[in-house]
Amino acid sequence: MELIYLLFILVLAGFLGFELIHKVPATLHTPLMSGANAISGVTLIGAMVSAGSDNTQLTTILGVAAVIFATVNVVGGYMVTDRMLSMFKSKQKNKEAK
Amino acid sequence: MDMLILVNISYVIAAILFIVGLKLLSHPATAKKGNLTSALGMFIAIVMTLLHKDIISYELIFAGILIGGVLGAWMAKRVEMTAMPELVSLFNGFGGLASLLLGLSTLTISNSDSLTITTMVIAYISILIGGVTFSGSLIAWAKLGGRMASKALIFPGQRWLNGLIIITAIALPFVIATQPFNLQWFYIAIALALVFGILATIPIGGADMPVVISLLNSYSGLAATAAGLAIQNNILIVAGLLVGASGIILTQIMCKAMNRSLMNILLSGFAKPIEAG
């Protein structure tokens, strides 16, 4: 049953992913990649549960390490995407000025 | 029970914000807003997860978030504009590493009776994909930053070595099924994944690296999904698949824009090296 449920989400996510981004202009390729990359840091959510739950010491250590790396991915990912987009905006203005 | 519903509702909201965020991010006029929308979704999910019934101590979580947050912010602030793609690759590698660690941590829980073979195999998959993402991203980071030669690197027997790794990786779950609770198989999986990530990335020239990073980004989404299945967390499954799906489509679009064939780039470890300037 769970496999079917997963297959459902997989198919829907596939179509959704295509619909969402298939018309993206070339200039936005890198920021979009970076923004999607920040979302993949969602592992942080699971890592938090692993790090904070009552388990073996090894589970906690691995969980905390996962929290640290995932947070770097999330925070850094969103911030660098934001900087990229600011740069992109000023570039656009330059082009228009020319 | 009420708390769990509340946490899951916040995950639904986060998923919506991720989707809307990606949509806005793919249009020039709204891109910046899209990134913030997606960040808001992540923030909500993180804060609400603190209410999760399994979390009994917060110190280590906060310490981890503080360390990771400061490090990530510092790296994102400090980076030169031209070095941004390689930083994205590095962040992506960390995301993959986090999924690897999370997959491994599900195997070490104190109540190991609740571990089924299915969970173990799923954790194995998250370790495998996470490991490939991590080492592959590190190579992409090094190649883009000139920390290693950016030209395609290929050595005799590489094809055979790749084939051997893939066969071993496919065979390992069967071994795990017959000998569960033996962590050494998972350590072998980590080693295989790390080596394969390196081998898959070194034969690809520096000019093709953006495509590789995009592909590895898609992988890190899938790694998050696998980790989410192992710990049964819906937001990891949904958001991971969303990144996995949009990542592979973006990779395809980027290939087209650069006039490259995705298959060619993917299989470069099995064929003649591709020289792309």
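Which chain is which? The protein sequence lines are A and B, in order.
Per our numbering, the very first residue in the first sequence carries number 1; after that it's consecutive.
Per our numbering, the very first residue in the second sequence carries number 1001; after that it's consecutive.
Don't be surprised by glycine CBs; every beta carbon is placed ideally from N, CA and C.
Just so it is clear, the structure is predicted and the values come from calculations on it, not from any experiment.
- With a cutoff of 8 Å on beta-carbon distance, Leu1250 of chain B and Met33 of chain A are scored as near each other.
- Under the 8 Å criterion on CB atoms, Leu28 of chain A is classed as interfacial with respect to chain B.
- It is roughly 44 Å from the alpha-carbon of Thr30 of chain A to the alpha-carbon of Gln1179 of chain B.
- Between the stretch 1096-1112 of chain B and the stretch 52-72 of chain A, the count of C-beta pairs closer than 8 Å reaches three or more; the two stretches touch.
- When B:Met1003, B:Ile1019 and B:Asp1002 are compared, the shortest CA-CA separation from Ala1239 of chain B is found for B:Ile1019.
- It is roughly 15 Å from the alpha-carbon of Leu85 of chain A to the alpha-carbon of Leu1087 of chain B.
- The DSSP-derived three-state label of Asp1113 of chain B is helix.
- Its chain contains Met1048 and Leu1051 as the residues whose beta carbon lies nearer than 8 Å to that of Leu1006 of chain B, once the 5 sequence neighbours on both sides are disregarded; these appear in chain order.
- For Ala1039 of chain B against Tyr1011 of chain B, the beta-carbon gap comes to about 16 Å, at or over 8 Å, which does not count as contact.
- From the beta-carbon of Leu1104 of chain B, the residues of chain A found nearer than 7 Å are Leu62.
- Taking C-beta atoms under 8 Å as the contact rule, Pro1203 of chain B and Ala1152 of chain B qualify, at a distance of about 5 Å.
- Under the Cβ distance rule, Leu7 of chain A does not count among the residues neighbouring chain B, no pair being separated by less than 8 Å.
- Look at Ile4 of chain A: its C-beta is not under 8 Å from any C-beta on chain B.
- In this structure, Val72 of chain A and Phe1094 of chain B form a Cβ contact; the two beta carbons are roughly 5 Å apart against a cut-off of 8 Å.
- When C-alpha distances from Thr81 of chain A are compared across B:Leu1104, B:Glu1059 and B:Leu1025, the shortest belongs to B:Leu1025.
- Between the stretch 1120-1139 of chain B and the stretch 1165-1174 of chain B, the count of C-beta pairs closer than 8 Å reaches three or more; the two stretches touch.
- Looking only at B:Ser1261, B:Met1148 and B:Leu1229, the smallest Cα-Cα distance to Leu10 of chain A is reached by B:Leu1229.
- Between the beta-carbon of Gly1041 of chain B and that of Leu1022 of chain B there is about 10 Å, and that puts the pair past the 8 Å contact cut.
- Look at Glu1080 of chain B here: in three-state DSSP terms it is coil, with no helix or strand label.
- Taking Met1003 of chain B as the centre and dropping the five residues before and after it, the same chain places the C-beta of Leu1051 and Lys1053 closer than 7 Å to its C-beta, in chain order.
- For a Cβ distance threshold of 8 Å, residue set Ile45, Met48 and Val49 of chain A lies close to Thr1049 of chain B, ordered along the chain.
- Secondary structure of Thr1030 of chain B (DSSP, three-state): coil.
- Between Ala1223 of chain B and Ser1099 of chain B, the beta carbon gap of about 4 Å places them in contact (Cβ cut-off 8 Å).
- In the three-state DSSP reduction, Met1148 of chain B falls in the coil class, being neither helix nor strand.
- Residues of chain A whose Cβ lies closer than 7 Å to the Cβ of Asp1054 of chain B are, in chain order, Val49 and Ser53.
- Apart from the 5 residues on each side of it in sequence, Val1079 of chain B sits with its Cβ closer than 7 Å to the Cβ of Leu1087 in its chain, given in chain order.
- The criterion of a C-beta distance shorter than 8 Å is not satisfied by Phe1155 of chain B and Leu1194 of chain B.
- The Cβ atoms of Val75 of chain A and Gly1068 of chain B lie closer than 8 Å to each other.
- Taking the CA atoms as reference points, Val1243 of chain B sits about 19 Å from Gly1197 of chain B.
- With fewer than 16 other Cβ atoms from the protein chains shown falling within 10 Å of its own Cβ, Lys23 of chain A counts as exposed.
- Taking 8 Å as the cut-off, the beta carbon of Leu1102 of chain B is found closer than this to the beta carbon of Ala66 of chain A.
- Put simply, the CB of Asn1092 of chain B is near chain A, with a gap under 8 Å to one of its CB atoms.
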